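Remarks on the structure that follows.
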Amino acid sequence: MADLEIPPTGAVDLDRVIIRFAGDSGDGMQLTGDRFTSASAVFGNDLLTLPDFPAEIRAPAGTVAGVSAFQVHISDHEITTPGDEPNVLVAMNPAALRSELGRLAVGGTVIVNTDSFDERNLTKAGYRSDPLTDGTLDRYSVYEVPMTSLTKDAVAPLGVKPRDAERSKNFFALGLLSWMYTRPLEPTLQWIEEKFGKRPEVAEANRTAFRTGHAFGETAELFDHPYTVKPAVQTPGTYTSINGNTALAWGLIAASQLAKLPMFLGSYPITPASDILHELSKHKNFGVRTLQAEDEIAGIGAALGAAFGGHLGVTTTSGPGIALKSETMGLAVSLELPLLIIDIQRGGPSTGLPTKTEAADLLQVMYGRHGESPIPIVAAFAPSHCFFAAIEAVRIALKYRTPVVLLSDGYLANGSEPWRLPNLADLPDISVAFATETNHVSAEGEPEFWPYLRDPDTLARPWAVPGTPGLMHRIGGIEKQDGSGNISYEPANHERMVHLRADKVAGIANDIPLLDVHGDVDDGEILVLGWGSTWGAIDGAVNRCRARGQKVARAHLVHLNPFPPNLGEILRRYPRVLVPELNLGQLVKLVRAEFLVDARSYTKVQGVPFTAGELEAAILKELGA
Amino acid sequence: MTDLTATAAKDWASDQEVRWCPGCGDYGILKAVQMLMPDLGGRPENTVFISGIGCAARFPYYMNTYGMHSIHGRAPAIATGLAMARDDLDVWVVGGDGDMLSIGGNHLIHALRRNVNLTILLFNNQIYGLTKGQYSPTSEVGKVTKSTPFGSLDQPFNPVSVALGAEASFVARTHDLDRAHMIETFRRAREHRGAALVEIYQNCNVFNDGAFGAITSRSARDEMLIPLVHGQAIRFGKEREKGVMIDGQGRALIVKVRDVGEEAILVHDETRTEPGLAFLLSRLSSGPTEPTPVGVFRAVPRPDYGGETNRQLAAAQDKSGPGDLSSLLHSRPTWDVA
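Respectively, the protein sequence lines represent chains A and B. The numbering used here applies: residue -16 is where the first sequence begins, and numbers increase by one. The numbering used here applies: residue 71 is where the second sequence begins, and numbers increase by one.
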């Protein structure tokens, strides 16, 4: 843990602050936000982040389309969202100000890089007059800092090229914010050394810009005082800062070890899932094989082939990739082989909003296939939960010999939070045995292997992998005779097989945790039922409503197919049920259809998560309060 | 435990009734494969046949090995995963021209360029059989079928040319009426480490009967099939009186040996690094009505994908040791809360 630096005299304590860094795509705002986050994590704050960047790698410089933003919420107590309205906006150019100002809380702080507020940039951003002088910012505390020129002046003696010097201005901003919020400097200085050690002149420029920004805060007499946000009281343990995609990749590696099976990932690059492929590709010493396939179909096909060979087959994608994979998902249902399909949801349909979050693939993964084709669905609810959700999804896939869909989304994928590392001994043993012996005797009295002779409890079929003598068998997408697995077009057999596949998946309900209810469990006037990344905002909203004296309960689904066995009973227990979703109401359709309850829907499809404030208002409205 | 006792052809035949149309060329191919298998010294349990969809794709059901009858076009992709995961297995891919060159064309070319250790049998009958007679990506221009009553407009693929263009390390052609040639070609393909593609001219006696008769029938073969034999001059004809030469403009021509002299006839070298000459040979005929080369066009050593994958895994373990989950979770900055 970094040494706590003594707060400067007169520092003012805050219980939390929400900062939004915004600039051009080339300004390094994601990096700036990420470094501020890391320093805050090491400092001991609780935190959550919301990276928000355009799909274009480099949209035209200076335009609103090219604005890249990073929001971080740091706190001295436990928080579950990246914050509703930022308290502070750092705007590196006019486009960033124009694009992001509307999000800022009234009375909030705006720190602008005045060097970029020239006529050309103002025009590009669509400003007809200068917002710094025309009254646009009257309702905010504005700090005008010529960041580019201060940075250039500071690094000029180092002999850095003007262009490189200019590029260090994000470190100036980071230094300034680090002073304002009393962040430890050491983690960032150390990171600069590690990252740019091989290019000493760049490292020195960034270091100098960072220190200059810090010193500017301290000496410029522009700011009255810095702030502190004290460390949060956290459960004892070892923590790291993690985003959802990394947690998910690590969860897969853990699952592979817990299952004692080598992992095979077949994947095709797609935002926002690609980072899982990147992360897993690094860990070959864990026996992880990764294939960047020629397309989405080949990605899942190769994973299924590896599963046939006795590996843990995994494919990763986003919504459009699921559409391409769906025929192979049907094959996996028919073959009854373990397979994990990971969908990091994004705004759709089609290319939609590839870098923005949405959770509108639930019905696609539930029903978006040909034929009666049930697939279990597990959904992660927080960045760090992706680790455990991956293990749970793999557990189900292996035990029941079924494809399983794991849902995450762009917000979880890229959002970071502190994560108390789990005790590895607490992780479950999810290993399963391959078939090694014949399991049937033929009419002629010969021992034989029936690939579809099921375990009577789980209805799972045996997993006999190539290389096992005596168990040679053929499987395929054509309907199979119950038991023997031979091709069968017999009508009654098909109906029986359809039911068996459905019963197998439905039976998983007996093998998953009961749904927990939180809040006013016994006397709630309303139940807020959620799934996926809405967890944090729902938790925050329910707490706020209860603080107002309302009786509110909440429950959050990790298993979406099958549902936990007590879901129906819970839904009927409360007079009202509200289901907030980042789609047009998908879970709500499922629960209304299955349980005949008058669950209400509250939806948002703007490519950004719910805020706790929005949901608070929605709950109060539903209660008529 | 691997059984080392020798196998017989019958050990490789499953108990399933073969359900191709009577007279289908597929029977001969199945028989050739089942006869070859004991000679290769492998074991049924270590052998896998993966297929897509189509008449040819029923093949795995008839082999007493591990097998998967998958979905249309995807067999090379599924087999890629299996061969990468399990390089101890003999993995075969079986499919037709529609399966592998139309709906699955993408997977075929990528399996070839990656050099995945697969033996790929492409049954080319120039027609869609299972869907009852539509033209295929290898059908000749002008083909009249149910879906092209006025004749097809599509330029066909030449599978050997496609494979060579896709960086295949082994490409061969044979036909369903010559069992000895099939067996020898399949053996060569199987013994090649990497992706081996064999195009098999296969007669569909229901929807495209006699498509290859002009070159593969017993009476036509001597004059119409040009055997490619490594290290030998490319000659054919009853008296081997014809041959192939490359002219001054780089064209492959069929010539009379006595006109140009024996030394002018091209000596076949399947191991040339550059595939250009093999490609020229693949273009000698524009379809199975003209003298057509059969045999191994190209056989060059190249590291196979699964082997290279395993090499990277082994190198990573040598460098970093076997993966340790606790170290992984602590691999980013951590802090302790007391």
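All residues carry an ideal CB built from backbone N, CA and C; glycine is no exception. As the structure is a prediction and not an experimental result, all values here were calculated from the model.
**Request:** Give every residue of the same chain whose Cβ lies closer than 7 angstroms to the Cβ of A/LYS243, excluding the five residues on either side of it in the sequence, and list them in chain order.
**Result:** Locating residue 243 of chain A in the first sequence gives position 260, where the first residue counts as 1. So the list reads SER414, once near-sequence residues are dropped.
**Request:** Evaluate A/ILE(-11) with the Cβ neighbour count: other Cβ atoms within 10 Å of its Cβ, from every protein chain shown; 16 or more gives buried, anything less gives exposed.
**Result:** The count along the first sequence starts at 1 and reaches residue -11 of chain A at position 6. Confidence at A/ILE(-11) is low in this model, with a pLDDT of 48, below 50, so its placement is unreliable and no value can be given for it.
**Message:** With distance defined between alpha-carbon atoms, name the residue in A/GLY459, A/LEU395, A/LEU510 and A/VAL25 nearest to A/GLU552.
**Reply:** Taking the first sequence and counting its residues from 1, the one referred to as residue 552 of chain A is at position 569. Ranking the options by Cα distance to A/GLU552, first place goes to A/LEU510.
**Message:** Quick check: the Cα distance between A/ASP392 and A/ARG575, rounded to an integer number of angstroms?
**Reply:** The residue you call residue 392 of chain A lines up with position 409 of the first sequence. The residue you call residue 575 of chain A lines up with position 592 of the first sequence. Whole-angstrom Cα-Cα distance: 24 angstroms.
**Request:** Using a cut-off of 7 angstroms between C-beta atoms, extract the partners of A/PRO167 located in chain B.
**Result:** Residue mapping note: residue 167 of chain A aligns to position 184 of the first sequence, counting from 1. The premise fails here: A/PRO167 is roughly 11 angstroms from chain B at the closest Cβ pair, so nothing lies under 7 angstroms.
**Request:** Check whether the region 49 to 64 of chain A touches the region 115 to 125 of chain A, taking contact to mean three or more Cβ pairs, one atom from each stretch, closer than 8 angstroms.
**Result:** no
**Prompt:** Curious, which full-length beta strand (DSSP E) runs of at least 3 residues does the region 422 to 460 of chain A contain?
**Reply:** 457 to 459
**Any chain B beta carbon closer than 8 angstroms to A/GLY398** = Numbered from its first residue, the first sequence carries residue 398 of chain A at position 415. Not one chain B Cβ lies under 8 angstroms of A/GLY398.
**Prompt:** Nearest chain B C-beta to A/LYS308 closer than 8 angstroms, yes or no?
**Reply:** By 1-based counting over the first sequence, the position of residue 308 of chain A is 325. Cβ-Cβ to chain B under 8 angstroms: no for A/LYS308.
**Message:** Give me the chain B residues within the contact set of A/ASP29, using Cβ-Cβ distance strictly less than 7 angstroms, ordered along the chain.
**Reply:** Residue 29 of chain A sits at position 46 when you count from the first residue of the first sequence. In chain order: nothing, as chain B lies at least about 11 angstroms away.
**Asked** So, do the region 490 to 503 of chain A and the region 539 to 549 of chain A have three or more beta carbon pairs nearer to each other than 8 angstroms?
**Response** yes
**Prompt:** Should B/GLN104 go down as buried or exposed, given a rule of 16 or more other Cβ atoms within 10 Å for buried?
**Reply:** Walking along the second sequence from the start, residue 104 of chain B turns up at place 34. Answer is buried; the Cβ neighbour count reaches 16.
**Item:** Coarse secondary structure for A/SER467, derived from DSSP in three states
**Value:** Within the first sequence, the letter at position 484 stands for residue 467 of chain A. Looking at A/SER467 - three-state DSSP - the assignment turns out to be coil, as it is neither helix nor strand.
**Prompt:** Among residues of its own chain, excluding the 5 on either side of B/ARG321, which ones have a beta-carbon nearer than 8 angstroms to its beta-carbon?
**Reply:** Taking the second sequence and counting its residues from 1, the one referred to as residue 321 of chain B is at position 251. Answer for B/ARG321: LEU350, listed in chain order.
**Item:** Proximity to B/THR201 [Cα-Cα], best of B/PHE277, B/SER401 and B/GLY313
**Value:** Taking the second sequence and counting its residues from 1, the one referred to as residue 201 of chain B is at position 131. Answer by Cα proximity: B/PHE277.
**Prompt:** Since B/PRO363 contacts B/LEU298 with CB under 8 angstroms, what's their CB separation in whole angstroms?
**Reply:** The count along the second sequence starts at 1 and reaches residue 363 of chain B at position 293. The count along the second sequence starts at 1 and reaches residue 298 of chain B at position 228. Right, the Cβ-Cβ distance comes to about 5 angstroms (below 8 angstroms), so this counts as a contact.
**Item:** Close beta carbons around A/ALA443, own chain, < 6 angstroms, minus the five adjacent residues each side
**Value:** Position 460 of the first sequence holds residue 443 of chain A. Here the set comprises TYR383 and ARG384.
**Request:** Give, in chain order, every residue of the region 136 to 157 of chain B whose Cβ lies closer than 9 angstroms to some Cβ of chain A.
**Result:** TYR136, GLY137, MET138, HIS139, SER140, ILE141, HIS142, GLY143, ARG144, ALA145, PRO146, ALA147, ILE148, ALA149, THR150, GLY151, LEU152, ALA153, MET154, ALA155 and ARG156
**Request:** Could you tell me the distance, in whole angstroms, from the CA atom of B/ILE270 to the CA atom of B/ARG260?
**Result:** The residue given as residue 270 of chain B occupies position 200 in the second sequence. The residue given as residue 260 of chain B occupies position 190 in the second sequence. The alpha-carbon atoms of B/ILE270 and B/ARG260 are separated by roughly 15 angstroms.
**Message:** Restricting to runs no shorter than 3 residues, where is the beta strand (DSSP E) found entirely within the region 550 to 586 of chain A?
**Reply:** 559 to 564 and 583 to 586
**C-beta atoms of A/THR340 and A/VAL591 nearer than 8 angstroms** = As a working mapping, residue 340 of chain A is identified with position 357 in the first sequence. As a working mapping, residue 591 of chain A is identified with position 608 in the first sequence. Yes.
**Message:** Let me check one thing: in DSSP terms, what residues is B/VAL409 bridge-paired to?
**Reply:** The question about residue 409 of chain B has no answer, for chain B in this structure spans 71 to 408.
**Message:** Counting C-beta neighbours from all protein chains within 10 Å, is the total for A/THR229 16 or more, i.e. buried, or is it exposed?
**Reply:** Position 246 of the first sequence holds residue 229 of chain A. Counting Cβ neighbours within 10 Å, A/THR229 comes out buried, since at least 16 surround it.
**Prompt:** Do A/ARG86 and A/GLU68 have their C-beta atoms closer together than 8 angstroms?
**Reply:** Walking along the first sequence from the start, residue 86 of chain A turns up at place 103. Walking along the first sequence from the start, residue 68 of chain A turns up at place 85. Closer than 8 angstroms, so yes.
**Message:** Please list, in chain order, the residues of the region 283 to 301 of chain A that have any C-beta partner in chain B closer than 9 angstroms.
**Reply:** ILE283, GLY284, ALA285, ALA286, LEU287, GLY288, ALA289, ALA290, PHE291, GLY292, GLY293, HIS294 and GLY296
**Prompt:** If we cut at 8 angstroms on Cβ distances, does B/ALA408 have a partner in chain A?
**Reply:** The residue you call residue 408 of chain B lines up with position 338 of the second sequence. Yes, B/ALA408 lies at the interface with chain A (some Cβ there is under 8 angstroms from its Cβ).
**Request:** For A/ASN544, write down the residues that DSSP places opposite it in a beta bridge.
**Result:** Residue 544 of chain A sits at position 561 when you count from the first residue of the first sequence. DSSP output for A/ASN544 lists A/ILE360 as bridge partner(s).
**Prompt:** Less than 8 angstroms separating the beta-carbons of B/PRO449 and B/TRP162?
**Reply:** Given that chain B is displayed from residue 71 to residue 408, the structure contains no residue 449 of chain B and the question cannot be resolved.
**Asked** Which stretch, first to last residue, makes up the beta strand (DSSP E) that contains A/GLY6?
**Response** Here residue 6 of chain A corresponds to residue number 23 of the first sequence, with the count starting at 1. Here the beta strand (DSSP E) through A/GLY6 covers -1 to 7.
**Asked** Nearest CA to the CA of A/GLU597: which residue from A/TYR585, A/LEU263 and A/GLY607?
**Response** Taking the first residue of the first sequence as position 1, residue 597 of chain A is located at position 614. Of the listed residues, the one whose Cα sits closest to A/GLU597 is A/TYR585.
**Asked** Expressed to the nearest angstrom, what Euclidean distance is found between the alpha-carbon atoms of A/LEU389 and B/ASN275?
**Response** Here residue 389 of chain A is taken as the residue at index 406 of the first sequence, counted from 1. Here residue 275 of chain B is taken as the residue at index 205 of the second sequence, counted from 1. Whole-angstrom Cα-Cα distance: 48 angstroms.
**Asked** Once you ignore the five residues that flank A/ALA524 on each side, which residues in its own chain have a CB closer than 7 angstroms to its CB?
**Response** Residue 524 of chain A sits at position 541 when you count from the first residue of the first sequence. Only ALA595, LEU598, GLU599 and ILE602 meet the Cβ criterion.
**Local Cβ density within 10 Å of A/LEU(-13), reported as buried at 16 or more and exposed below that** = As a first step, residue -13 of chain A is located in the first sequence; it is residue number 4 there, counting from the start. Low confidence applies here, because A/LEU(-13) scores a pLDDT of 43, under 50, leaving its location unreliable; read the following figure in that light. A/LEU(-13) comes out exposed.
**Request:** Indicate whether at least one CB of chain A lies closer than 8 angstroms to the CB of B/LEU410.
**Result:** Past the edges of chain B, shown from 71 to 408, lies residue 410 of chain B, and the structure says nothing about it.
**Asked** From A/PHE26 to A/TRP174, what does the alpha carbon distance come to, in whole angstroms?
**Response** Within the first sequence, residue 26 of chain A is the residue found at index 43, counting from 1. Within the first sequence, residue 174 of chain A is the residue found at index 191, counting from 1. Whole-angstrom Cα-Cα distance: 15 angstroms.
**Asked** Any idea what DSSP makes of A/SER301, helix, strand or coil?
**Response** Reading the first sequence from its first residue, position 318 is the one you call residue 301 of chain A. Of the three classes helix, strand and coil, the one that applies to A/SER301 here is coil, per DSSP.
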